[in-house]
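Written below as structure tokens is the structure these notes are about.
See below:
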């Protein structure tokens with residue numbers, strides 16, 4: 005392995021303590037909103053599930069990009085994770101459609 | 104694959120960081136590959152839960168009230184008003200308790216990144232006049248133990264939840280909901296337990312010889328990646344299983 009590669013690996017920028025703190029704060033805020041929404045009449049709305057899924061996706065992305073440092077790390081790690089996650093999501097939708105838990109147009 | 108060993112950094116403690124030809128550490132590539140495959144495992148478990156949800160013939164149900172004798176199922180208690188009180192099964196999922204355990208797990212992720220930052224910054228002298236909070240932030244032992252304690256607390260919440268479910272009549276054999284729910288959350292709990300043991304091992308190493316240098320940063324980094332993955336899986340489970348009906 006070249007020294008260049010080793011050097012490139014050794015200098016990975018990570019967030020600061022303040023950024024970690026704010027990420028933690030927003031994760032808590034989003035979770036609190038999720039739980040609060042659960043106890044409101046909005047629960048009966050058709051937008052309830054998509055809203056919760058969106059908030060959950062934001063939390064998922066924040067943890068993966070900031071806490072797991074995927075934003076700062078080598079692209080190969082992003083590809084490895086994206087490949088696994090992509091196959092997982094496709095498998096999930098395939099199973100849900102196959103067994104009728106999700107239906108197109110209904 | 105080429106391998107290069109970095110020179111010992113301190114006190115004759117030899118560091119062996121194994122880089123691949125990509126310039127990346129092979130153990131880090133391995134943990135990302137593991138995390139990618141774990142995504143598939145949990146996606147199939149969550150799919151199984153979602154497919155079986157609503158197909159149970161008998162209660163208790165996750166969000167619905169039901170009557171043991173008449174098999175009436177409804178979203179509100181009024182719909183099972185005609186049922187004898189002893190036969191009424193209330194919605195089994197306890198959102199307030201699970202919300203607390205979710206908060207704990209999210210905070211454990213914050214503690215984990217601070218543990219990693221503390222190990223990475225070891226050797227950097229504290230600024231003059233550093234207070235207790237600066238010393239706390241710089242202590243990898245404190246954050247590793249804090250993460251492990253929060254992980255163990257999460258397991259405690261899950262044990263309480265499982266025990267109360269069993270007391271209310273839901274076991275892994277009761278219905279399809281019980282089978283898929285216990286399998287999914289049980290697998291997740293097992294992952295958290297492994298993470299707690301891993302954290303305690305790192306804590307013990309830190310107490311015994313101190314975590315310092317590139318190799319030790321990598322050890323903590325790999326554990327942190329696993330721990331955050333367990334956290335993101337719970338983020339998905341909490342929304343899909345507990346909140347969305």
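Chains as they are written, first to last, in this note's numbering: chain A, 5 to 110; chain B, 104 to 348.
Idealized CB from N, CA, C, for every residue including glycine.
Residue-chain proximity (residue 339 of chain B, chain A), Cβ-Cβ < 8 Å: Translated into the one-based positions of the second chain, residue 339 of chain B becomes position 236. Yes, residue 339 of chain B lies at the interface with chain A (some Cβ there is under 8 Å from its Cβ).
Using a Cβ cut-off of 9 Å, which residues of the region 32-55 of chain A contact any Cβ in chain B, in chain order? Answer set for the region 32-55 of chain A: 32, 35, 36, 38, 39, 41, 42, 43, 47, 52 and 53.
For the alpha helix (DSSP H) containing residue 239 of chain B, list its first residue and its last residue. Position 136 of the second chain holds residue 239 of chain B. Run containing residue 239 of chain B: 235-240, per the alpha helix (DSSP H) assignment.
Along the region 233-263 of chain B, what residues have a CB closer than 9 Å to any CB found in chain A? Contact annotation: in the region 233-263 of chain B, residues whose CB is within less than 9 Å of a CB in chain A are 240.
Opposing strand residues paired with residue 181 of chain B [DSSP bridges]: Taking the first residue of the second chain as position 1, residue 181 of chain B is located at position 78. According to DSSP, residue 181 of chain B bridges with nothing at all.
Since residue 170 of chain B sits in a beta bridge, which residues does DSSP pair it with? Translated into positions along the second chain, residue 170 of chain B becomes position 67. BP columns for residue 170 of chain B point to B/191.
Please confirm if residue 21 of chain A has its CB atom under 8 Å from at least one CB of chain B. Here residue 21 of chain A is taken as the residue at index 17 of the first chain, counted from 1. Yes, its Cβ sits closer than 8 Å to a Cβ of chain B.
Using beta-carbon positions only, say whether residue 135 of chain A and residue 154 of chain B come within less than 8 Å of one another. Chain A is shown from 5 up to 110; residue 135 of chain A falls before or after that span and cannot be answered.
So what's residue 176 of chain B in DSSP terms, helix, strand or just coil? The residue labelled residue 176 of chain B in the question sits at position 73 within the second chain. Strand at residue 176 of chain B.
Give the interface partners of residue 149 of chain B over in chain A, defined as CB-CB distance under 7 Å, in chain order. As a first step, residue 149 of chain B is located in the second chain; it is residue number 46 there, counting from the start. The answer, in chain order, is 96.
From what residue to what residue does the alpha helix (DSSP H) around residue 39 of chain A run? Numbered from its first residue, the first chain carries residue 39 of chain A at position 35. 21-42 is the span of the alpha helix (DSSP H), which, as asked, contains residue 39 of chain A.
Could you tell me whether any Cβ in chain B is nearer than 8 Å to the Cβ of residue 107 of chain A? In the first chain, residue 107 of chain A corresponds to position 103, counting from 1. Interface residue (Cβ-Cβ distance to chain B less than 8 Å): residue 107 of chain A is not classified as such.
Are any of the Cβ atoms in chain B nearer than 8 Å to that of residue 101 of chain A? Here the question's residue 101 of chain A lines up with position 97 in the first chain. For residue 101 of chain A, not one C-beta of chain B is nearer than 8 Å to its own C-beta.
What runs of the alpha helix (DSSP H), each 4 residues or longer, lie entirely inside the region 206-269 of chain B? You should have 235-240.
Since residue 323 of chain B is in the alpha helix (DSSP H), which residue starts that stretch and which ends it? Along the second chain, read from residue 1 onward, the residue named residue 323 of chain B stands at position 220. According to the DSSP assignment, residue 323 of chain B belongs to the alpha helix (DSSP H) that extends over 317-340.
Name, please, each residue of chain B whose Cβ falls closer than 9 Å to the Cβ of residue 69 of chain A. Along the first chain, read from residue 1 onward, the residue named residue 69 of chain A stands at position 65. By Cβ distance, chain B contributes nothing, its closest Cβ being about 11 Å from residue 69 of chain A, past 9 Å.
For the alpha helix (DSSP H) holding residue 162 of chain B, just list the boundary residues, first then last. Counting from one through the second chain, the residue named residue 162 of chain B turns up at place 59. It is not in any alpha helix (DSSP H) - residue 162 of chain B carries neither H nor E in the DSSP assignment.
What first and last residue would you give for the alpha helix (DSSP H) that runs through residue 294 of chain B? Sequence index remark: in the second chain, residue 294 of chain B carries index 191 (1-based). In the DSSP assignment, residue 294 of chain B falls within the alpha helix (DSSP H) that extends over 279-311.
Between residue 10 of chain A and chain B, is the shortest Cβ-Cβ distance under 8 Å, so that the two count as touching? The sequence position of residue 10 of chain A within the first chain is 6, counting from 1. Because the pLDDT of residue 10 of chain A is 44, which lies under 50, any placement of that residue in the model is unreliable, and the question is left without a value.
For the region 120-142 of chain B, which residues have a CB atom closer than 8 Å to at least one CB atom of chain A, in sequence order? Against chain A - using a Cβ distance shorter than 8 Å - the residues of the region 120-142 of chain B are 122, 123, 124, 125, 126, 127, 128, 131, 132, 135, 136, 138, 139, 140, 141 and 142.
Keeping to the same chain, check which residues put their C-beta closer than 7 Å to that of residue 148 of chain B; ignore five residues upstream and five downstream. As a working note, residue 148 of chain B is residue 45 in the second chain. Within its own chain, the residues whose Cβ lies closer than 7 Å to the Cβ of residue 148 of chain B, once the five positions on either side in sequence are excluded, are 286, 287 and 290, listed in chain order.
Positions along the region 325-337 of chain B whose CB lies within less than 7 Å of some CB in chain A: Within the region 325-337 of chain B, 328, 331, 334 and 335 place their CB atoms closer than 7 Å to a CB of chain A, listed in sequence order.
Does any CB atom of chain A fall closer than 8 Å to the CB of residue 346 of chain B? Translated into the one-based positions of the second chain, residue 346 of chain B becomes position 243. Closer than 8 Å to some Cβ of chain A, the Cβ of residue 346 of chain B qualifies, so yes.
Going by alpha carbons, who is nearest to residue 187 of chain B out of B/133, B/158, B/172 and B/178? Taking the first residue of the second chain as 1, we reach residue 187 of chain B at position 84. In this structure, B/172 is the residue among B/133, B/158, B/172 and B/178 with its C-alpha nearest to the C-alpha of residue 187 of chain B.
Could you check how far apart the C-beta atoms of residue 214 of chain B and residue 250 of chain B are, in whole angstroms? I think they sit under 8 Å. As a working mapping, residue 214 of chain B is identified with position 111 in the second chain. As a working mapping, residue 250 of chain B is identified with position 147 in the second chain. 4 Å between Cβ atoms; contact.
Should residue 108 of chain A be labelled buried (16 or more other beta-carbon atoms within 10 Å of its own) or exposed? As a working mapping, residue 108 of chain A is identified with position 104 in the first chain. By the neighbour-count rule (16 or more Cβ atoms within 10 Å), residue 108 of chain A is not buried but exposed.
Identify which residue in B/313, B/167 and B/150 has its Cα closest to the Cα of residue 348 of chain B. The residue you call residue 348 of chain B lines up with position 245 of the second chain. Considering only alpha carbons, the answer is B/167.
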